[in-house]
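Just add 6 to the spot in the sequence shown (first one is 1) and you have the numbering used here. The beta carbon of each residue, even a glycine, is placed where N, CA and C say it ideally should be. Predicted model only: the values in this text are computed from it and were never measured. The structure appears below as structure tokens.
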Amino acid sequence: MKKHQGITVVELLVAAAIFVIVLSLIFNGLLGSSRAVNTVITESEVIQDLRVAGQIMTDNLSRAVYIYPPGTQIQLNKSVSASVRNPATGKNVWTIGQDPIIAFLQAPQDPFQDPENCPDPKEPDKVKTADACLRFIAYYVLHRENFVKADSAFKAFLQDDANKDTWMLFEFRDVLPMVGRLDITNPPPVVTSGGRAYLLADYLKMGSGFLPFNEVNCQVEGVLDPECNDIVITPETLLNYRETVARGEFSLEVEYKQRGKVIRSPVLTFPIAPRNLYAE
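As structure tokens, this is what we get:
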């Protein structure tokens, strides 16, 4: 009778090798699928975040009572800091239509307040409220690498060498003391003093249509000025509250690198359509 032979060492080694290969293929397949799913989720999140940022801007612009026209020079706060520094000049002065910035005014927080109740720093003892003052809002971009290097407080968790050439979108807000209304004797101010900047969106790509006022209509004394040609502004000019941007659009786009893969969003375009301009 022939004796039954057991599994040899060689057969065990071959079986083990085949098992390892199969496991490796399964693992790599799962890892690839996981990365693909992660990329899809990331792209979806990027588009959603960008859409939310654009909608916030659109909503605030829709409630503007005045939008600064091209050519206006605006100073953000009294001194230069990382969050207000113009990347083109290194200063805290920005030029509408030349630099990537949109700036506008909104009505006081409390529309039923008398404009005279807006505080005057020269009269601190009088009982007044900032809710009676006009609000200044600006949206602009800063170069990511320059901002992170300049602000040590953010360097630890914002530094990203793979995406150092992208841009960051900021929202700047300030309440304007002594400015409770706009009229002939109270022109739109071009200097802010106590505002704060907030990061609204990250990893933006600069490109055509990015906050440039390429497509913009103005309104002068209640008359539409399609190309804003009738508004002439110099640094010495006092702004006229009846010379304002009336319609326009802006675009946002994200592009950043993640594990060697470039994540891009489509170009999203949003309207500038204020409903309550003082000029109307």
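{"Item": "Under the three-state DSSP convention, the category proline 277 falls into", "Value": "strand"}
{"Item": "Classification of valine 268 by the beta-carbon crowding that lies within 10 angstroms, buried from 16 upward", "Value": "exposed"}
{"Item": "Residue(s) in a DSSP beta bridge with lysine 263", "Value": "Val268"}
{"Item": "Inter-stretch contact at 8 Å, needing at least 3 Cβ pairs: the segment 134-149 / the segment 181-196", "Value": "yes"}
{"Item": "Coil, strand or helix - glutamate 51 by DSSP", "Value": "helix"}
{"Item": "Assigned secondary structure, leucine 182 (DSSP; H/G/I helix, E/B strand, else coil)", "Value": "coil"}
{"Item": "Beta-carbon spacing of valine 147, leucine 111 below 7 Å", "Value": "no"}
{"Item": "Asparagine 246 to proline 194 span [Cα, whole Å]", "Value": "7 Å"}
{"Item": "Backbone CA spacing between alanine 203 and arginine 150 [nearest angstrom]", "Value": "15 Å"}
{"Item": "6 Å CB neighbourhood of valine 196 in its chain, flanking five on each side removed", "Value": "Ile80"}
{"Item": "Threonine 45 in three-state terms, based on DSSP", "Value": "In this prediction, threonine 45 has a pLDDT of 44, which is less than 50 and means its spatial position is unreliable; what the coordinates show is noted afterwards. Reduced to three states, the DSSP call for threonine 45 is helix."}
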